[in-house]
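K.L.:
Residue numbers (our numbering): 14 to 440. The beta carbon of each residue, even a glycine, is placed where N, CA and C say it ideally should be.
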């Protein structure tokens, strides 16, 4: 058993062999503290984006007296994280890391690196999170070298903790757009001796589905999410079950199977409202894609209601100056335009541009699409001079000498330009 366990960790994926001593080597967490000081951290798995993302919780029963101060600090930091005090937790973890280095406690250093990686991942610093996850893996490999001096229970626990860190790294790869690396890592984890536990299998299935979706391999992604749904129907994990319904609905929407997409999305919405309450970003996310289904089915009245509900949540939780809020407002404008309600479309479009220009800049595709729409709406309202001026301003930004303002008044020309927007696919 000892040899088998040691070989398992010694043969961890080659992706982890490089860059593994970074993380806490400098001991300077000032840049990290600046990045992760927003004090917005939810304990996983409270969101689907945190499925498979594991924080190591408090420790007890430490026999090594020299490590006890580091353990006490680690536990104190976990308590602060649970209460959302990210900045305080990081300062305490820095102190714990210093003591762990002095006492040469690789397990503690690995757990600290892992948790800091989770903090960074949660706040969107994916590349930085990889550095800390790799640092944790390096420490787990060091632990493996000492296994012959440890008890079997310690060996098994450390191997499992190492695999939890690998899950975290796979999620960071995926979030950073490194889909090939993420899939390679997930596949290597799946053939590991430690991946046979039920929770680990469901996490692997979910990650595969997510990565396949991001790689636009929709058939394979659908298989994974359907497998996850079958696994989770008999479990008490509503977060993962909701994620499975969402994944299925999202892929069916992408495959233009609109009628089939609606049922799993409504199931997801019901579950997420029960889990989070009505005022949550994951509820808004689900409402948004339901709105897109209705939009594409030309059920404009219902689509407008659903988009409005999504935007209301996003404005309250994320604020006006957030890309998800702007996407919902953009599609509200598009629905008004589709219903030939130019005044309401103009009102929505003007609000979007006021925020979008400040937040994204004039050259962002999102802002360009709304600027074009604004010019078209002026034309539809009979305000030809305003329309000409607005569309000329767009041409100056695009810089295409072959285009003329009147070109945008052609539906085909407009849609061809508008499709560069991240939300244009709804129409």
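Short of 7 Å in beta carbon distance, which residues of its chain neighbour residue 281, apart from the five on each side in sequence? Order them along the chain.
P.N.:
Excluding sequence neighbours, residue 281 sits near 255, 258, 259, 262, 299.
K.L.:
Rounded to whole angstroms, what's the CA-CA distance from residue 165 to residue 120? Just pull it up for me.
P.N.:
With a pLDDT of 47 at residue 165, under the threshold of 50, the modelled position of that residue is not reliable, and the figure given next carries that caveat. The straight-line gap from Cα to Cα measures roughly 15 Å.
K.L.:
Could you spell out the range, first to last residue, of the alpha helix (DSSP H) harbouring residue 126?
P.N.:
Taken as a continuous stretch (DSSP letters only), the alpha helix (DSSP H) holding residue 126 covers 119 to 135.
K.L.:
DSSP three-state call for residue 203: helix, strand or coil?
P.N.:
Looking at residue 203 - three-state DSSP - the assignment turns out to be helix.
K.L.:
Specify the secondary structure class of residue 187 as computed by DSSP and reduced to three states.
P.N.:
Looking at residue 187 - three-state DSSP - the assignment turns out to be helix.
K.L.:
Applying the criterion that 16 or more other CB atoms from any shown protein chain within 10 Å of the CB defines a buried residue, is residue 50 buried or exposed?
P.N.:
Summary for residue 50: the model assigns pLDDT 47, below 50, so the residue's position carries little reliability, and this model does not support an answer.
K.L.:
Once DSSP output is grouped into helix, strand and coil, what is the label at residue 250?
P.N.:
Here residue 250 sits in coil by DSSP.
K.L.:
List the endpoints of the continuous alpha helix (DSSP H) containing residue 111.
P.N.:
Per DSSP, residue 111 belongs to the alpha helix (DSSP H) from 99 to 115.
K.L.:
Determine the DSSP secondary structure at residue 69, reduced to helix, strand or coil.
P.N.:
Correct three-state label for residue 69: coil.
K.L.:
Whose CA, out of 134, 127, 189, lies closest to the CA of residue 150?
P.N.:
The candidate whose alpha carbon is nearest that of residue 150 is 127.
K.L.:
I'd like the list of long-range same chain contacts for residue 438, defined as Cβ closer than 6 Å, with 5 residues on each side in sequence excluded.
P.N.:
Because the pLDDT at residue 438 is just 39, under 50, the model does not fix this residue reliably, and the value given afterwards should be weighed accordingly. Excluding positions up to five away in sequence, the list is empty.
K.L.:
Our contact map puts residue 355 next to residue 408 with C-beta atoms below 8 Å; I'd like the distance itself, whole angstroms only.
P.N.:
Rounded, the Cβ-Cβ distance is 22 Å, inconsistent with contact.
K.L.:
Excluding the five sequence neighbours on either side, which residues of its own chain have a C-beta within less than 7 Å of the C-beta of residue 310, listed in chain order?
P.N.:
So the list reads 271, once near-sequence residues are dropped.
K.L.:
For residue 277, report the span of its alpha helix (DSSP H) as first-last.
P.N.:
Note, residue 277: alpha helix (DSSP H), 271 to 289.
K.L.:
At the level of alpha carbons, what is the spacing between residue 267 and residue 275?
P.N.:
Using only the alpha carbons, I get a separation of about 12 Å.
K.L.:
Assign residue 333 to one of three DSSP states: helix, strand, or coil.
P.N.:
Of the three classes helix, strand and coil, the one that applies to residue 333 here is coil, per DSSP.
K.L.:
What does the Cβ neighbour count give for residue 314, buried or exposed, with the cut at 16 atoms within 10 Å?
P.N.:
The residue is exposed, with fewer than 16 neighbouring Cβ atoms inside 10 Å.
K.L.:
At a Cβ threshold of 9 Å, is residue 389 touching chain B?
P.N.:
The question asks about chain B, but that chain is absent: this structure has only one protein chain.
K.L.:
Could you give the distance in angstroms between the alpha-carbon of residue 133 and the alpha-carbon of residue 142?
P.N.:
Distance between the alpha carbons of residue 133 and residue 142 is about 5 Å.
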